[in-house]
Amino acid sequence: MGKVFVAGVGFTKIAEHWDKSLEQLMAEAAAKALEDAGIPSVNSIYVGNMMGEALQEQAHLGTLLAEDLGLTGIPAFRIEAAEASGAAALYQAALDILSGRSEAVLVIGGEKLSDGLSEEVSSAMMMSGRQEYEGFIGADFYAINGLLYRLYEKRYGSDGIAMFPVISHTHAAGVSHAQYPFKLTLEKVLSSPFIAEPLRRMEVSGIGDGAAAVVLVGERLAEKIKSPKTAFFIASSTDYITPFERENPLHFQSLAMASDKVFEETKVERREVDFIELHDATSIMAALSLESSGFVEPGKAGRLAEKGEFSLEGNLPCNTFGGLKARGHPFGATALYQVAEAHLQLTERAGNNQIDSAKIGLIQSLGGVAATAFAILMKKV
Amino acid sequence: MARINGVAIHGYGGYVPRYRIKDEEIGRIWGKTASELPVNEKTVAGPDEDAATMAVEAARIAVKMAGIDPRRIGAIHEGSESKPYAVKPTGTIVAATIGAGTGLLTADLEFACKAGTEALQLITGLVETGRIEYGLAIGADTAQGRPGDALEFTAASGAAAFVVGRAGGDAAASIEAWCSYVTDTPDFWRRPHDRYPMHAARFTGQPAYFRHIIGAVKSLLDNDGYSLDDFDYFVFHQPNVKFPFAVAKYLGIDRKKITPGIVTDVLGNTYSACSLLGLVKVLDSAEPDQLILLASYGSGAGSDAFVIRVLDGILERRRRVRGLSSFIDDKIYVNYALYLKFRDKILMG
Amino acid sequence: MRVPRYWRNIPFRYRLVGWRCNHCGTFHQTKPITCKRCRFRDFTEVELPKTGKLITYTVVRSPPKEFSFTSPYVIGLVELEDGTRILAQITDFQEDELREGMKVEAVFRKIRVNGEQGIIEYGYKFRPAIE
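Residue numbers (my numbering), protein chains in the order written: chain A, 2 to 382; chain H, 3 to 351; chain P, -10 to 120.
Following this line, the structure appears as structure tokens:
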């Protein structure tokens, strides 16, 4: 794989943006990213979005955003891979650059979940599972997670799993773009009501709106432009949509394979990773992600979380700006937020959340319950 | 009418939901005392049950007992007054679920509480003529009781099914005769868009229930050459516990021959399944060669009476399936609030 | 309205009828083009057994909109007699009966009702099996 670079990022705060439409939020983030990159235009646009048709009854987002950014004429389309749509858009953008067809590509992720009621959003989330099987009987995203949580509990015990939201919230305190920029105690998590037993409300990410954008450039352009850059590598893999059809439902094979691919390609070793932006859509997914991608032994994630391993001061900082739980998870935008935050870390612009001497960051983005996985590795240049 | 030639019950099954509500609990809400309660408790369909799902439960048991490939069933008739759809057959839902194939006559029937026995009559006719090899007759209801009305204490849910075919081999029981007695008597009815039936209170007694059941029984005795003493059991439609015993008293039948077929005291009135479940209960413990007289009653009004002879084959066949008493004894009690939620009586919008 | 989608899935939802790969034995709910596991293209139509045991379950207390009025409900992972695993709602249980390892049997029930005017969608659920 050749060279792809992040040259600029931009994002909105994640909140309930009652007064802004999906396209307005995305245009806002995109404009910021173009400005951050210091370039007026790009060769193509990829949009990451999952719920546009379901909640806004709006498809054709690529072309729509091109128009709203005054960039009509260039190729622009929306890429979808459930909650990992943003990462999928980045993947396509990277291919576009590696093919030589484009020098600069704008990737925009956006989602406006507050346009739906929470039960409408849960219903639309069943689109990431096998609708005619799981969706039909109401085995939604949270129910599947509840079942995995139980299987994990039986096999390893689940102490410490509920620490993941606590860690995320600690990191989000004071972060201006975070949806929930405040601390959360373990007691508060463990006393919050059940969504799908044993999964509790405070263990799952909230409903919010947000857009984030990234400008990716090729080697040639990277040398010319002045804005800070980071090297960008991405790999992807898939698994069966229903976790219980997999050989080991507690192993995210898709993430394992995507991670192996990206490490092999970059010749980076896991111990060199300075921080990870986890896909903590639920506490149990955070734990299983770390275990499946080879950073933690199976069954040990909770204990290590309790010991502070994943805090900003720990051995393996995770979710440096609050992750999906506290910074927020507007599905199609999420991977773009993760990349933007990693970019800030690696270009020493992370403020109070700065990891000292961060050189290599890893981002994990999952579609459905790890049916699709993206592993993104970014390097300081 | 002439006796029926060579038609037998090869399998039968009864189903009631697990849930029960005590009449005492209903009485608590409406201020009724113990002496005013017509039955002890009644069955309550779960929120995911309806006449189609219960018909399937009973049909599966009957088909299992019959031990036949369901594709040999040539007709399915289901009687109900709580059809899930006003227009769309229940018979095809049952057929699709039990795997009966596509070459079937399915017709849903309505005649208040006797729609189930009508199904049995029609299936018997189709088998007798040789038009079909096996037929499935079902009575199933999730009867809705109007809140605060007298009938709320008894309107219950249940289903009974019978696989009928040519006599021979080791069938469970033979159907020797049937007859009907009908008049146009509007004692209990429901207009299309109403949720709950209406009834004419005391008029539902003598001019309705009693006249027609007694009429049908007498017709059977007079025309088919039976006498009351021939029978070991009498199973009557039982909207409450008093009525079947009152018929017995009027006709001079020993109470002991009625009691085995009484299910209403613990199940309530399961409408189209009512008398059929009484029959199932009797069949579950009767001896070969015993004779049963079954008389249903359906408002509007009419009664179907049958002569059923228990055969040797019943002893082995009974052992193939889960018996009705196992369903009767398997209970989960609900309070009135849960009953309202389960039976979809809460205004949602 | 989801009539054609509902109708297409009747064999699996009413009778647990699906397709098994003749090479590796993987079960598919609807007729596959290739086996999801081994990619062979040779299948036999099968009807799954109707009894099994409950591997684990979760209680859904904050359901998606289609299931708002049936809250709370239980989603279970059932292992059938032949080893096939299936997700299903668990119904008709008493509090103290619901436990991992519980013997269960398939029943035919309403899964969703589309308001007062739409179709009724039936399918399978599992309940505690009576010995």
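C-beta atoms are modelled at their ideal positions from N, C-alpha and C, and glycine is treated no differently.
Assign residue i to buried or exposed, taking buried as 16 or more other Cβ atoms, counted over all protein chains shown, within 10 Å of its Cβ.
i	result
K99(P)	buried
D71(H)	exposed
W(-4)(P)	exposed
T206(H)	buried
P229(A)	buried
G15(H)	buried
C115(H)	buried
Y136(H)	buried
I109(A)	buried
P(-7)(P)	exposed
Y3(P)	buried
K268(A)	exposed
G295(A)	exposed
S84(H)	buried
V328(H)	Val is not the amino acid found at residue 328(H); the sequence shown has Ser there. S328(H) should be labelled exposed.
Would you please verify whether the beta carbon of residue i is less than 8 Å from any beta carbon of chain A?
i	result
P(-2)(P)	Reading off the sequence shown, one finds Asn at residue -2(P), where the question assumed Pro. Yes, contact with chain A.
E34(P)	no
R28(P)	no
R191(P)	Because residue 191(P) is not part of the residues shown, which for chain P are -10 to 120, the question remains open.
Y124(P)	The displayed coordinates of chain P run from -10 to 120. Any statement about residue 124(P) would go beyond what the structure contains.
Q18(P)	yes
I100(P)	yes
G14(P)	no
Using a Cβ-Cβ cut-off of 8 Å (strictly less than) and excluding sequence neighbours within five positions of residue i, which residues of its own chain qualify?
i	result
S52(A)	It is worth fixing the name first, because residue 52(A) is Met in this sequence and not Ser. Around M52(A): E112, K113, L114, G117, V122, A125, F332 and G333.
H214(H)	Y183, V184, T185, T187, Y299, A303, G304 and S305
T15(P)	R9, C24, K25, R26 and C27
R247(A)	D240, Y241 and Q254
S193(A)	R201, R202, M203 and E204
V46(H)	P19, Y21, R22, I23, A158, S159, V336, Y341, F344 and R345
E104(A)	N44, I98, V218, G219, R221 and L222
Excluding the 5 residues preceding and the 5 following residue i in the sequence, name in chain order all residues of the same chain whose CB lies nearer than 6 Å to its CB.
i	result
I123(P)	Nothing about residue 123(P) can be read from this structure; chain P reaches only from -10 to 120.
F1(P)	G7 and Q18
M56(H)	Y17, A142 and A161
V58(H)	V96 and T99
V219(H)	A297 and A307
V48(P)	P61 and V63
Can you find a C-beta in chain P that's less than 8 Å from the C-beta of residue i?
i	result
T99(H)	yes
P194(H)	no
G110(A)	no
R201(A)	no
P86(H)	yes
M128(A)	no
L152(A)	yes
F12(A)	no
M350(H)	yes
I95(H)	yes
S206(A)	no
So which residues on chain D does residue i lean against when the C-beta distance must stay under 7 Å?
i	result
E121(A)	Here the protein chains are A, H and P, and chain D is not one of them.
Leaving out five residues before and five after residue i in sequence, what residues of the same chain have Cβ atoms less than 7 Å from its Cβ?
i	result
G147(A)	A197, E198, P199 and L200
P1(H)	Only positions 3 to 351 of chain H appear in the structure, and residue 1(H) is not among them; the question remains open.
I208(A)	L114, S115, S119 and V122
R5(H)	E178, A179 and D226
Tell me, please, whether the CB atom of residue i is closer than 8 Å to any CB atom in chain H?
i	result
Y46(P)	no
F115(P)	no
Quick check for students: name the residue ranges of the beta strand (DSSP E) that lie wholly in the segment 171 to 217 of chain A, counting only runs of 3 or more. 195 to 197
Residues within the segment 40 to 61 of chain H neighbouring chain P, beta-carbon criterion of under 8 Å: G48, P49, D50, E51, D52, A54, T55, V58 and E59
Proximal residues, the segment 246 to 266 of chain A versus chain P, C-beta separation under 7 Å: none
Residues in the segment 325 to 338 of chain H with C-beta within 8 Å of chain P's C-beta atoms, listed in sequence order? S328, D332 and I334
Report the residues of the segment 323 to 334 of chain A with a CB closer than 7 Å to any CB of chain P, ordered along the chain. none
Any chance you could list the beta strand (DSSP E) runs of at least 3 consecutive residues sitting entirely within the segment 225 to 258 of chain H, in chain order? 235 to 238
Scan the segment 63 to 84 of chain P for residues whose Cβ lies nearer than 7 Å to a Cβ of chain A and list them as they occur along the chain. I64, L66, R74, L76, A77 and Q78
Taking a cut of 9 Å between CB atoms, which residues from the segment 7 to 20 of chain H lie near chain P? P19 and R20
Runs of beta strand (DSSP E) wholly within the segment 227 to 272 of chain A (minimum 3 residues, chain order): 231 to 239
With 8 Å as the limit, tell me which residues of the segment 70 to 85 of chain A have their beta carbon closer than that to any beta carbon of chain P; keep them in chain order. none
Mind checking the segment 68 to 79 of chain H against chain P and listing, in chain order, the residues whose C-beta falls within less than 8 Å of any C-beta there? none
What are the start and end residues of each continuous beta strand (DSSP E) run of 3 or more residues lying completely inside the segment 150 to 221 of chain H, in chain order? 159 to 168 and 175 to 187
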